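Residue numbers (our numbering): 182 to 409.
Here a beta-carbon is modelled for each residue, glycine too, at the ideal position from N, C-alpha and C.
Just so we're clear, the structure is a prediction, and the values are computed from it rather than from any experiment.
One structure is given here, and the rest of the page talks about it.
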């Protein structure tokens with residue numbers, strides 16, 4: 182029997198801790214109410230309220246990478262709801278992240294209810310970053326923001342980031358909705374066509390010029406973390 186695919190209902194859950202502000206996401210099959218969370222952190226009560234508000238059944242947690250502001254509540258929620266935590270095999274190996282219900286993934290898609298989860302490996306910000314495509318909605322963590330991209334530790338990582346962004350540009354339909362891990366100005370859920378028009382990091386044509394700009398001196402950490 183062929184698996185059906187439905188468009189998810191997506192809720193943005195804005196959470197914060199001290200100077201960090203993150204976007205967590207609830208993606209739910211509106212028919213079965215089976216749902217996944219993306220990068221849950223900081224405010225457990227907000228996440229549980231979102232689940233309760235949709236009468237959602239949490240079936241798994243998608244982690245884009247292993248930085249603490251993206252994994253903070255993953256194991257706690259996994260244990261409470263009895264569901265797996267998914268992270269790329271590369272990111273697990275690079276970070277050493279562990280959780281009791283951790284499941285290593287590659288780019289093989291799978292189903293949660295009627296939702297088709299398609300991981301896309303996008304290294305650069307970290308060695309094993311992954312984006313998740315669910316019914317025309319792309320959850321990008323710290324790979325692609327509406328107005329920018331994630332920081333890179335060195336030139337090799339910046340080259341990887343360029344390749345990852347080029348892959349997204351080259352394979353995704355222009356009406357794909359982009360849901361990043363942080364908000365600067367424009368709201369999450371912008372179409373890729375708009376992101377392509379307003380994001381300077383998507384204008385470069387070669388690795389070297391991209392890396393030179395991404396790693397340029399004088400970047401203010403205050404501005405890099407000026408989330409809202």
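How about residue 305 and residue 333: do their beta carbons lie closer than 7 Å? On the chain shown, residue 305 is found 124 positions in, with the first residue counted as 1. On the chain shown, residue 333 is found 152 positions in, with the first residue counted as 1. Residue 305 is a Cβ neighbour of residue 333, given a cutoff of 7 Å.
Beta-bridge pairing of residue 235 - partner residues as DSSP gives them: In the chain shown, the residue the question calls residue 235 occupies position 54. According to DSSP, which records beta bridges pairwise, residue 235 is partnered with nothing at all.
Compute the Euclidean distance between the alpha carbons of residue 396 and residue 233, then round it to the nearest angstrom. Taking the first residue of the chain shown as position 1, residue 396 is located at position 215. Taking the first residue of the chain shown as position 1, residue 233 is located at position 52. Rounded to the nearest angstrom, the two C-alpha atoms are 43 Å apart.
According to DSSP, is residue 197 part of a helix, a strand, or is it coil? For the purposes of this step, residue 197 is taken as residue 16 along the chain shown, with counting starting at 1. Strand at residue 197.
Measuring straight from C-alpha to C-alpha, what distance separates residue 183 and residue 298? Numbered from its first residue, the chain shown carries residue 183 at position 2. Numbered from its first residue, the chain shown carries residue 298 at position 117. With a pLDDT of 45 at residue 183, under the threshold of 50, the predicted position of this residue should be treated as unreliable, and no value is reported.
CA nearest to the CA of residue 268, picked from 293, 380, 294 and 241: Translated into positions along the chain shown, residue 268 becomes position 87. Measuring from the Cα of residue 268, the nearest candidate turns out to be 241.
Can you grab the Cα-Cα spacing for the pair residue 226 / residue 351, in whole Å? For this step, residue 226 is matched to residue 45 along the chain shown. For this step, residue 351 is matched to residue 170 along the chain shown. Rounded to whole angstroms, residue 226 to residue 351 spans 39 Å at the Cα level.
Between which two residues does the alpha helix (DSSP H) carrying residue 379 extend? Translated into positions along the chain shown, residue 379 becomes position 198. Where residue 379 is concerned, the enclosing alpha helix (DSSP H) starts and stops at 373–379.
Given residue 284, which residues of its chain have a CB within under 6 Å of its CB, disregarding the five upstream and five downstream residues? Position 103 of the chain shown holds residue 284. For residue 284, where only same-chain residues beyond five positions count, the Cβ hits under 6 Å are 265 and 267.
Whole-angstrom C-beta distance between residue 325 and residue 346, which should lie under 8 Å: Locating residue 346 in the chain shown gives position 165, counting from the first residue. Locating residue 325 in the chain shown gives position 144, counting from the first residue. Contact between residue 346 and residue 325 holds: their C-beta atoms lie close to 7 Å from each other, under 8 Å.
Alpha carbon to alpha carbon, what distance is there between residue 245 and residue 359? Within the chain shown, residue 359 is the residue found at index 178, counting from 1. Within the chain shown, residue 245 is the residue found at index 64, counting from 1. Residue 359 and residue 245 have their C-alpha atoms spaced approximately 14 Å apart.
Backbone CA spacing between residue 322 and residue 236 [nearest angstrom]: Mapped onto the chain shown, residue 322 falls at position 141. Mapped onto the chain shown, residue 236 falls at position 55. So the alpha carbons of these two residues sit roughly 25 Å apart.
On the criterion of 16 or more Cβ atoms from any shown chain inside 10 Å, does residue 289 qualify as buried, or is it exposed? Stepping through the chain shown from its first residue, residue 289 is reached at position 108. Residue 289 comes out exposed.
Where in the region 251–317 do unbroken runs of the beta strand (DSSP E), each at least 3 residues long, occur, reported from the N-terminal end onward? Qualifying beta strand (DSSP E) stretches, in chain order: 266–269, 283–286, 291–293, 296–302 and 311–315.
Hey, residue 301 and residue 371: beta-carbon distance below 7 Å or not? Taking the chain shown and counting its residues from 1, one reaches residue 301 at position 120. Taking the chain shown and counting its residues from 1, one reaches residue 371 at position 190. No. Outside cutoff.
C-beta atoms of residue 340 and residue 271 nearer than 7 Å: For the purposes of this step, residue 340 is taken as the residue at position 159 of the chain shown. For the purposes of this step, residue 271 is taken as the residue at position 90 of the chain shown. Cβ distance not < 7 Å, so residue 340 and residue 271 don't count as in contact.
Please report how far the alpha carbon of residue 197 lies from the alpha carbon of residue 229, in whole angstroms. Within the chain shown, numbered from 1, the residue matching residue 197 stands at position 16. Within the chain shown, numbered from 1, the residue matching residue 229 stands at position 48. Within the model, the alpha-carbon separation for residue 197 versus residue 229 is close to 15 Å.
Residues in its own chain within less than 8 Å of residue 379 by CB, not counting five upstream and five downstream? As a first step, residue 379 is located in the chain shown; it is residue number 198 there, counting from the start. Taken in chain order, the residues that qualify are 327, 328 and 367.
For the alpha helix (DSSP H) holding residue 383, just list the boundary residues, first then last. On the chain shown, residue 383 is found 202 positions in, with the first residue counted as 1. Note, residue 383: premise wrong, no alpha helix (DSSP H); not H, not E.
Span of the beta strand (DSSP E) holding residue 348? By one-based count along the chain shown, residue 348 stands at place 167. Unbroken run through residue 348 is the alpha helix (DSSP H), 336–352; no beta strand (DSSP E).
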